[in-house]
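**Q**
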Amino acid sequence: MPKKGKAAAAAPAPDPEAAVEPNAPPPPEPVPPLAVLYCEVCTYPPEYCEFGASLTRCKDWLKESHPDLFDRYYSDEALQAKVGTLSLEAQAKLEKEVAKKEVKAEAKVEAALKKKMASQIIIKRSERNKRKCITTVSGLEAFDIDLKKAAKQFASKFATGASVTKNLQGLEEVVISGDVSDEVLEMIENEVGVLKGIPEENVELVEEKKKKGGE
Amino acid sequence: MFKKFQPATDIAGHTPVKSSVQRSIRANVLSQWKIEPETLEAIWPKKEGLVHVKCREHISIYTVHGEPLIFQHFDGPFYPTLRLLHKYPYILPMLKVDRGAIRFLLGGAHMMCPGLTSAGGYLPPAEAALSAGTPVAIHAEGKEHAVGVGITKLGTEEMRTINKGVGVETVTYLGDDLWTLQTL
Numbered sequence: 121m122p123k124k125g126k127a128a129a130a131a132p133a134p135d136p137e138a139a140v141e142p143n144a145p146p147p148p149e150p151v152p153p154l155a156v157l158y159c160e161v162c163t164y165p166p167e168y169c170e171f172g173a174s175l176t177r178c179k180d181w182l183k184e185s186h187p188d189l190f191d192r193y194y195s196d197e198a199l200q201a202k203v204g205t206l207s208l209e210a211q212a213k214l215e216k217e218v219a220k221k222e223v224k225a226e227a228k229v230e231a232a233l234k235k236k237m238a239s240q241i242i243i244k245r246s247e248r249n250k251r252k253c254i255t256t257v258s259g260l261e262a263f264d265i266d267l268k269k270a271a272k273q274f275a276s277k278f279a280t281g282a283s284v285t286k287n288l289q290g291l292e293e294v295v296i297s298g299d300v301s302d303e304v305l306e307m308i309e310n311e312v313g314v315l316k317g318i319p320e321e322n323v324e325l326v327e328e329k330k331k332k333g334g335e
Numbered sequence: 238m239f240k241k242f243q244p245a246t247d248i249a250g251h252t253p254v255k256s257s258v259q260r261s262i263r264a265n266v267l268s269q270w271k272i273e274p275e276t277l278e279a280i281w282p283k284k285e286g287l288v289h290v291k292c293r294e295h296i297s298i299y300t301v302h303g304e305p306l307i308f309q310h311f312d313g314p315f316y317p318t319l320r321l322l323h324k325y326p327y328i329l330p331m332l333k334v335d336r337g338a339i340r341f342l343l344g345g346a347h348m349m350c351p352g353l354t355s356a357g358g359y360l361p362p363a364e365a366a367l368s369a370g371t372p373v374a375i376h377a378e379g380k381e382h383a384v385g386v387g388i389t390k391l392g393t394e395e396m397r398t399i400n401k402g403v404g405v406e407t408v409t410y411l412g413d414d415l416w417t418l419q420t421l
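The listed protein sequences derive, respectively, from chains A and B.
Here my numbering = 1-based position in the first sequence + 120.
Here my numbering = 1-based position in the second sequence + 237.
#1: Helix, strand or coil: how does DSSP classify lysine 401 (chain B) here?
#2: Among the residues of its own chain, which have a CB less than 7 Å from the CB of glycine 392 (chain B), if the five just before and after it don't count?
#3: Looking only at its chain, what residues have a beta carbon closer than 8 Å to the beta carbon of glutamate 378 (chain B), apart from the 5 residues adjacent to it on each side?
#4: Distance cutoff 8 Å, beta carbons only. Does glycine 412 (chain B) sit that close to anything in chain A?
#5: Less than 6 Å between C-beta atoms, sequence neighbours within five positions excluded: which residues of the same chain meet that for arginine 248 (chain A)?
#6: Which residue wins for smallest C-alpha separation from glutamate 278 (chain B), given the options B:His289, B:Val290, B:Arg260?
#7: Could you check where the beta strand (DSSP E) with cysteine 332 (chain B) kicks off and where it finishes?
#8: In the stretch 265-285 of chain B, which residues sit with their C-beta less than 9 Å from some C-beta in chain A, listed in chain order?
#9: Distance, Cα to Cα, valine 373 (chain B) vs alanine 219 (chain A)?
#10: Put leucine 367 (chain B) into one of helix, strand or coil per three-state DSSP.
#11: Just verifying my parser: in three-state terms, what is the DSSP assignment at leucine 306 (chain B)?
#12: Let's test the definition: count the other Cβ atoms within 10 Å of the Cβ of valine 294 (chain A) and tell me whether it reaches 16, buried, or not, exposed.
#13: Within the 8 Å Cβ cut-off, does proline 150 (chain A) reach chain B?
#14: Going along chain A, which residues have a C-beta under 8 Å from tyrosine 299 (chain B)?
#15: For glutamate 381 (chain B), would you say it is in contact with chain A, using Cβ-to-Cβ distances shorter than 8 Å as the test?
#16: Are valine 405 (chain B) and methionine 348 (chain B) close, meaning C-beta to C-beta below 8 Å?
#17: At the 8 Å Cβ level, is histidine 251 (chain B) part of the contact set with chain A, yes or no?
#18: Ignore the nearest five residues each way along the sequence and tell me which others in leucine 260 (chain A)'s own chain have a CB closer than 7 Å to its CB.
#19: Could you check whether the Cβ of proline 187 (chain A) sits closer than 8 Å to any Cβ belonging to chain B?
#20: For the 8 Å Cβ check, are there 3 or more pairs between the stretch 318-329 of chain B and the stretch 153-163 of chain A?
#21: Quick one: measure Cβ to Cβ for alanine 225 (chain A) and alanine 173 (chain A), integer angstroms, because I've assumed they're closer than 8 Å.
#22: What's the call for leucine 208 (chain A), buried or exposed, on a 16-neighbour Cβ count within 10 Å?
#23: Throw me the rounded Cβ distance for the proline 165 (chain A) and leucine 182 (chain A) pair, which I believe falls under 8 Å.
#24: Have a look at the DSSP bridge pairing and note the partners of lysine 286 (chain A).
#25: Determine the chain A residues that contact lysine 324 (chain B) at a beta-carbon separation under 7 Å, and present them in chain order.
#26: By how many angstroms is the C-alpha of proline 361 (chain B) removed from the C-alpha of glutamate 394 (chain B)?
#27: Starting from the C-beta of phenylalanine 278 (chain A), find all residues in its chain whose C-beta is less than 8 Å away, skip the five residues before and the five after it, and write them out in chain order.
#28: Compute the distance between the beta-carbons of proline 244 (chain B) and leucine 421 (chain B), then report whether it is under 8 Å.
#29: Tell me which residues share the same chain as glutamine 289 (chain A) and place their Cβ nearer than 7 Å to its Cβ, disregarding the 5 neighbours each side in the sequence.
#30: Using a 10 Å radius around the Cβ and a threshold of 16 neighbouring Cβ atoms, would you call glycine 317 (chain A) buried or exposed?
#31: Measure the CB-CB distance between tyrosine 299 (chain B) and glycine 345 (chain B) and report whether it falls below 8 Å.
#32: So proline 244 (chain B) is in the alpha helix (DSSP H); what residue range does that whole segment cover?
#33: Can you give me the C-alpha to C-alpha distance between alanine 212 (chain A) and threonine 371 (chain B), rounded to a whole angstrom?
#34: I believe isoleucine 280 (chain B) touches leucine 306 (chain B) by the beta-carbon criterion, under 8 Å. Please report the beta-carbon distance rounded to the nearest angstrom.
#35: Should isoleucine 243 (chain A) and valine 323 (chain A) be called a contact, given that it needs their Cβ atoms to be closer than 8 Å?
#36: If you count every other CB in all the chains shown that lies within 10 Å of the CB of aspartate 188 (chain A), and 16 or more means buried, which is it?
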């Protein structure tokens, strides 16, 4: 925020000075940045979409949101100009390669999605002392959730300690002190805060009884 | 450099930079890039602390408000990130590769001399020749925006005469892991 405020304050300042000394050279001003449009599908500038792995989708996006640019990059003349330097054979080969790449990328995305859908979130309640529990939530990272933020959210929501630790398998999980498994489940269902995009059926509640030494 | 870069494993730590060090970085950047002090002030205000993100293999990335702006390898020259270069394309000298090379550049390859000397490529004229070891913006034939940032391995005149082998080593390019990394 201070950045913005400063820029706004600096902009009108040169004007009164210029009025006082008309002969003095205007004070140097920062050169404004170029606004570069990036494709929302592949994040490249749209002119490079053709080299990305999602050309068809990029094209659709550009056509919809920036029709003028679409005409510039994908009109017949533009395509002609691009092809001009290449032989027909090479062009066909290139096109084939692009199509292949696209299929591959799509398959990859699909596989990743499938894996995501198959991955489970496990909310485990384990006993620490006789009457005290800790709740561990593992598998959150598969859904692109920032574990640190999730831990912070849990901690402030339940007013307990919550942290990110590595478990025996070396995977990171959120550990919350206190028995809050039902509340966590509820939060995931209601998609509170950072807990977004988790299908309910992937969440599992597990209860772990510690071997009771005394009894 | 950033073909494989995982923030989770490759970053050793974030540290705010001392103001004296910031001053020297600012001076170096001003002398190495063709940038006006006012513009640099606009992208990196003096009041805003620079954060040094230390990465493996002696790579340092400098961020302002979590946005990577400058990076450096060991004690080498400062490079702007590609997103910064897109906003201020004139800060680095420009080279151009021909259309055939774009594909390889986007795969992370270094730029060979023939791609720069051919009809679609562009090298600065003899009077503005660059020496080896200069950071350059790599543009591409028929494209408006830069596609990568590199460092010359040969002087531009040498590239013309030798016309073989690596001319520009690619440092970062469109679609690499530094590009995907929008905030740190």
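By construction, the Cβ of each residue, glycine as well, lies at the ideal position given by its N, Cα and C atoms.
**A** Answer, in terms of the structure:
#1: It is coil, neither helix nor strand.
#2: These residues qualify, in order along the chain: Ala366, Leu367, Ser368, Ala369.
#3: In the same chain as glutamate 378 (chain B), and ignoring 5 residues on each side of it, the C-beta atoms closer than 8 Å to its own belong to Lys333, Val334, Asp335, Arg336, Ile339, Gly357, Gly358, in chain order.
#4: Using beta-carbon distances, glycine 412 (chain B) counts as an interface residue toward chain A, with a partner under 8 Å.
#5: So the list reads Ile254, once near-sequence residues are dropped.
#6: The closest CA to that of glutamate 278 (chain B), considering only B:His289, B:Val290, B:Arg260, is found on B:Arg260.
#7: In the sequence under discussion, the amino acid at residue 332 (chain B) is leucine, which differs from the cysteine named in the question. It spans 331-334 - the beta strand (DSSP E) in which leucine 332 (chain B) sits, taken as one unbroken run.
#8: Interface annotation for the stretch 265-285 of chain B against chain A: Ile272, Glu273, Pro274, Glu275, Thr276, Leu277, Glu278, Ala279, Ile280, Pro282, Lys284, Glu285, criterion Cβ-Cβ distance under 9 Å.
#9: Their Cα atoms are separated by approximately 32 Å.
#10: Three-state DSSP puts leucine 367 (chain B) in coil, outside helix and strand.
#11: Residue state, collapsed to three classes: strand.
#12: Flag for valine 294 (chain A) reads buried.
#13: Yes, proline 150 (chain A) counts as interfacial toward chain B.
#14: Scanning chain A for C-beta atoms nearer than 8 Å to the C-beta of tyrosine 299 (chain B) yields nothing, as the closest lies near 16 Å away.
#15: Yes, contact with chain A.
#16: Yes, these two residues count as a Cβ contact at 8 Å.
#17: No, histidine 251 (chain B) does not count as interfacial toward chain A.
#18: Answer for leucine 260 (chain A): Ile241, Leu267, Ala270, Val294, listed in chain order.
#19: No, because no Cβ of chain B sits closer than 8 Å to the Cβ of proline 187 (chain A).
#20: Flag = yes, the stretch 318-329 of chain B and the stretch 153-163 of chain A touch.
#21: Going by Cβ atoms, the distance from alanine 225 (chain A) to alanine 173 (chain A) rounds to 3 Å, so yes, they are a contact pair.
#22: Of the other Cβ atoms in all chains shown, fewer than 16 fall within 10 Å of the Cβ of leucine 208 (chain A); this residue is therefore exposed.
#23: Incorrect: roughly 11 Å between the Cβ atoms, too far for contact.
#24: Residue pairing by DSSP puts lysine 286 (chain A) in a beta bridge opposite A:Glu292.
#25: When 7 Å is used as the limit between beta carbons, lysine 324 (chain B) is near these residues of chain A: Pro153, Leu154, Val156, in chain order.
#26: In this structure, the CA atom of glutamate 394 (chain B) is about 9 Å from the CA atom of proline 361 (chain B).
#27: If we look at phenylalanine 278 (chain A) and ignore the five residues flanking it on each side, its Cβ neighbours are Ile296, Gly298, Val300, Glu303.
#28: At the C-beta level, proline 244 (chain B) and leucine 421 (chain B) come within 8 Å of one another.
#29: Setting aside the 5 residues that flank it on each side, glutamine 289 (chain A) has no residue in the same chain whose C-beta is closer than 7 Å to its C-beta.
#30: So glycine 317 (chain A) ends up on the exposed side.
#31: For the pair tyrosine 299 (chain B) and glycine 345 (chain B), the CB atoms are not nearer than the 8 Å cut-off.
#32: Boundaries of the alpha helix (DSSP H) harbouring proline 244 (chain B): 244-247, taken from the DSSP string.
#33: Taking the straight line joining both Cα atoms gives about 38 Å.
#34: Contact between isoleucine 280 (chain B) and leucine 306 (chain B) holds: their C-beta atoms lie close to 7 Å from each other, under 8 Å.
#35: A contact, by the Cβ cut-off of 8 Å.
#36: Around the CB of aspartate 188 (chain A), fewer than 16 other CB atoms lie within 10 Å, so the residue is classed as exposed.
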